[in-house]
Amino acid sequence: MKTIHAENHRRPRQVCLTALLCGLLCGGVFADTQTLRLQVLGSGGPELSDRRASSSYLLSLDGKASILLDTGPGSSLHFEASGANFNDIDAVLFSHFHVDHSADLPAYIKAAYFSGRNRDLPVYGPVGNALMPSTTEFVQGLFGKQGVYRYLNEYLTPTATSAYKLKPVDVKPQADHAYAIKLSPEITLRAVSVPHGPLPALAWRIESGGCSLTFSGDTNRPGPALTDLARGSDLLIAHHAVPEHAGPAALGLHMPPSLIGKLAAEAGVKRLLLSHRMQRTTGSEAETLAKIREFYAGPVEFAEDMARYRPCR
Ligand SMILES: [Zn+2]
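Quick note: the sequence shown uses the working numbering, first residue 2, plus one each step.
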């Protein structure tokens, strides 16, 4: 089996020690790098028993943390272990607001007080519907004057004194083309809407210097928009939460391996990383890989917490 080059695949405790040492000795997350890098902060789903943090990814550019994609439970501990500095984060992106993708956001915001963050923080995520808040509603629901953490409302109140403000943005892509954001001169973000059962959700593509990573997020029906978004990506991170023969409820929320394989093949991605692993999929990697191989012949890897990837060597 061809595999993606992962810089580190040791178990989380070992990795944490190494990452902490590197954070101290190397002065940053990827002090040896010159381009876009990915570190998996959470490779699991919502279960407490999977020994994984929930969905979260750290993107770094030129050795400096830049983007946090999803903030699932447990990810803040792994962020700390990565050696990254939250003051360096240029934006937080959300795929959607299920607990396993979003619950650690308050931990980062409170911690930023102690790290001395002093520049505004954009938070990009989907629009809402009757079941789920929009990104603006989610952030207001946490930190607004009526929010559950209203004691931190200075981060949203324009007239309040705070070292920085949260800048939530509801991302609503058009059906026929991706929503694009120029995050900095070096980084472009693109998003498309993807179905995740009845919930609004986004897939994201992050590009810098000719390097591109696409995150499917949670989706049960990859369509032309996601295929176009992922087209030619150096790395597709797909959420592998259900086995091929899952029940209708699970298949109503997530792609089985066959759909992941078809997506990777049709989009012509160079490599595939399977994340959002759950007990119903761990232990059956051989079956998953066989099903994906019916459609996609490129390198495939199964994500682990804290693993680092160089998608564009
Ligand atoms: Zn999920």
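Note that the Cβ used here is the ideal one computed from N, Cα and C, for glycine as well.
Residue i CB to nearest heavy atom of ligand 3 below 7 angstroms
i	result
H277	With respect to small molecules bound, the structure shown includes ligand 1 and not ligand 3.
Buried or exposed by the 16-neighbour rule on C-beta atoms within 10 Å, applied to residue i
i	result
V195	buried
P174	buried
D235	buried
N221	buried
L254	buried
Q40	buried
C23	The predicted position of C23 is uncertain, since its pLDDT is 35 and thus under 50; no value can be drawn from it.
R206	buried
D177	exposed
R11	Per-residue confidence for R11 stands at a pLDDT of 39, beneath the threshold of 50, marking its modelled position as unreliable; the derived number appears in the next sentence. Per the 10 Å Cβ criterion, exposed.
S57	buried
Y152	exposed
V270	buried
G233	exposed
A287	exposed
S74	What sits at residue 74 in the sequence shown is Pro, not Ser. So P74 ends up on the buried side.
V301	buried
F115	exposed
G284	exposed
T215	buried
G262	buried
V243	buried
G84	buried
A298	exposed
A66	buried
V140	buried
Paired residues, beta bridge with residue i - DSSP
i	result
V128	In DSSP, V128 forms no bridge with anything.
A164	The partner list for A164 (beta bridge, DSSP) is empty, contrary to what the question assumes.
D171	G126
Y180	A192
C212	S209
V301	L273
I238	F216, L274
L203	S194
R309	Q40
Same chain, Cβ closer than 7 angstroms to residue i, neighbours up to 5 away in sequence not counted
i	result
L260	P223
E187	L62, S209, G210
S185	D91
Below-8 angstroms beta-carbon distance, residue i vs any chain D residue
i	result
V170	Given the protein chain composition of this structure (a single chain), no chain D is represented.
Chain-order list of residues whose beta-carbon lies under 6 angstroms from that of residue i (same chain, five-residue window excluded)
i	result
P258	E245, T289, K292, I293
P226	Strictly speaking, residue 226 in this sequence is Ala, with Pro absent from that position. Here the set comprises V193.
S135	V128, G129, D171
R120	Y165
K146	N154
E267	T228
A161	E155
S76	L42, G43, A54, S57, D105
A181	R191
Close Cβ partners of residue i (< 8 angstroms) along its chain, the five nearest in sequence each way excluded
i	result
G117	N88, A164
C212	T36, L37, D235, P312, C313
F80	L42, S57, L59, L69, F87, Y109
Q280	E48, S50, D51
A202	S96, H97, P127, S194, V195, P196, G218, D219, T220
L26	Note that L26 scores a pLDDT of 32, beneath 50, so its modelled location is shaky and nothing firm can be said.
A239	S217, M256, I261, L264, A265, L273, L274, L275, S276
- Identify every run of the beta strand (DSSP E) within the stretch 29-97, keeping only runs that are complete inside it and at least 3 residues long; order them along the chain. 38-43, 57-62, 65-70, 92-94
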